[in-house]
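First up is the structure itself, then whatever we jot down about it.
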Amino acid sequence: MRRIALSFLALLFATLLCYSAYRVWDIGKDYSAEAEMHKLVLEYKPQPAESVNQSVIDLREQYPDVAGWLTVPNTNIDYPFVRYKDNDFYLRRDLNGGDAMAGTLFIDYRCEGDFTSRNTIIYGHNMKNGSMFGTLKAFAENDFFAANTSGAIYLPRETLALAFFAYLVVDHADREIYSVDTGEGYLAYVEKNARQYRDIGLAEGDRLVTLSTCSYEFNNARMVLLAKVS
């Protein structure tokens with residue numbers, strides 16, 4: 001009986017070892033696939049001096065759902081983003097529409113692709129290797145937030161400057177943060193709940209951008225970086 005039990009435990013251990021090895025291989029494969037796709041699209045990275053972002057236009061010809069390109073200096077966030085009819089399709093798909101753990105950055109389907117919405121929300125995964133929105137958490141640090149104040153969004157025929165003004169950790173269903181048409185109490189709510197905040201002279205009519213990714217501080221937590229469009 002003891003020999004049977006020992007044999008069973010040995011088989012169970014071997015099974016768990018094989019599964020763990022497979023998971024490490026599988027995750028590594030997914031990270032490699034994301035890195036290859038990123039390397040490919042970086043050839044289309046817009047140049048700040050361009051008035052017409054021909055590289056984005058060219059990228060859209062190859063991947064029609066691409067809406068623009070997002071760059072956040074001193075992070076790994078330097079990616080194209082898409083807009084689609086829902087918030088599910090690109091959650092686990094790459095620009096080709098193939099299965100991809102890292103997904104693709106995408107605009108909330110309720111928002112306009114030209115950033116004329118009051119609040120345009122861009123989602124991305126919090127990847128453990130720092131890809132996609134995995135370095136967004138850097139803005140939680142006082143020194144990093146203070147030193148990194150701006151980013152850029154490149155649209156086909158326009159470049160938008162982003163002025164970062166707040167970093168928060170919120171529930172995934174937070175009505176103030178995830179509202180496309182923010183109300184008059186929005187700014188007061190942000191200032192009260194922000195972990196990092198700077199006064200940049202916001203007015204109620206300013207256009208905003210919200211960068212959103214998962215946080216693991218509590219169930220359904222999200223970290224968000226807020227910016228003014230200028």
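Residues in the sequence shown are numbered consecutively from 1, following our numbering. Think of the CB as a built atom: it goes at the ideal place given N, C-alpha and C, for glycine as much as any other residue. Here the structure is a predicted model, which is why all the values come from computation and not from measurement.
Query	Result
CA-to-CA distance, R207 to F115, given in whole angstroms	8 Å
Between the CA atoms of N87 and Q196 - distance to the nearest angstrom	28 Å
Residue from S230, A194, D78 and Y31 with nearest C-alpha to F139	A194
Supposed contact pair L211 and E133 - C-beta distance, whole angstroms, cut 8 Å	The residue asked about is misnamed: residue 133 is Phe in this sequence, not Glu. Yes, they are in contact, since the Cβ atoms of F133 and L211 sit about 7 Å apart, within 8 Å.
Within 8 Å, strictly: CB atoms of G151 and T213	no
Exposure label - A161; buried when at least 16 CB within 10 Å	exposed
Cβ-based burial, H125 [other Cβ within 10 Å; buried from 16]	buried
First through last residue of the alpha helix (DSSP H) which encompasses F145	N142 to A147
contact_flag[the stretch 219-228, the stretch 169-186] where n(CB pairs < 8 Å) is 3 or more	yes
Proximity below 8 Å, CB of F165 to CB of I200	yes
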